[in-house]
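Residue numbers (the numbering used here): 28 to 152.
Beta carbons: idealized from backbone N, C-alpha and C, even for Gly.
As the structure is a prediction and not an experimental result, all values here were calculated from the model.
Data first, discussion second: the structure below is written as structure tokens.
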Ligand SMILES: [Zn+2]
């Protein structure tokens with residue numbers, strides 16, 4: 028394909044294809060050259076895609092999911108926000124990192140649920 032024929036749309040399609048391909052591709056273990064199988068592993072409470080060697084149990088995390096874990100690690104430590112006021116209601120801005128990670132969009136629903144006197148849960152509806 029000529030570079031001049033690349034448009035943002037077909038670049039995006041190619042990136043999506045590459046992302047599918049890396050998951051579908053055959054991966055060999057660096058220790059013993061054995062074909063690694065797809066696996067789901069739970070790391071710090073989060074389910075991530077990985078490839079696992081049936082012979083030596085070497086596990087390699089999917090790079091996309093590993094990146095997602097790094098973001099989640101930042102979120103679990105908390106990001107301070109200020110309370111604002113809009114009419115009679117109080118409002119809190121949701122930081123971009125949270126909105127992206129939890130797929131929260133304008134107009135989307137959230138459920139607030141009390142935990143104890145100083146904590147409450149915000150659940151994506
Ligand atoms: Zn191995």
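Kindly identify the DSSP beta-bridge partner or partners of residue 153.
-> The structure shown has nothing for residue 153, since the chain only spans 28 to 152.
Under a Cβ-count criterion, where at least 16 other Cβ atoms within 10 Å of its own Cβ denotes burial, should residue 89 be classed as buried or exposed?
-> Working through the chain shown from its first residue, we reach residue 89 at position 62. Flag for residue 89 reads buried.
Candidates 60, 149, 81, 55: which alpha carbon is nearest residue 126's?
-> Taking the first residue of the chain shown as position 1, residue 126 is located at position 99. Of the candidates 60, 149, 81, 55, the one whose C-alpha sits nearest the C-alpha of residue 126 is 149.
Check: residue 85 C-beta below 7 Å from any heavy atom of ligand 1 | Against the chain shown, residue 85 aligns to sequence position 58. Yes, Cβ of residue 85 sits closer than 7 Å to a heavy atom of ligand 1.
Do residue 82 and ligand 1 come close, with the Cβ less than 7 Å from some heavy atom?
-> Within the chain shown, numbered from 1, the residue matching residue 82 stands at position 55. Yes, the beta carbon of residue 82 sits closer than 7 Å to at least one heavy atom of ligand 1.
Same chain, Cβ closer than 6 Å to residue 61, five either side skipped, listed in chain order = Taking the first residue of the chain shown as position 1, residue 61 is located at position 34. Excluding sequence neighbours, residue 61 sits near 80, 82.
Go ahead and pull the three-state DSSP assignment for residue 101.
-> Along the chain shown, read from residue 1 onward, the residue named residue 101 stands at position 74. Looking at residue 101 - three-state DSSP - the assignment turns out to be helix.
Residue 94 to residue 76 span [Cα, whole Å] | Within the chain shown, numbered from 1, the residue matching residue 94 stands at position 67. Within the chain shown, numbered from 1, the residue matching residue 76 stands at position 49. So the alpha carbons of these two residues sit roughly 12 Å apart.
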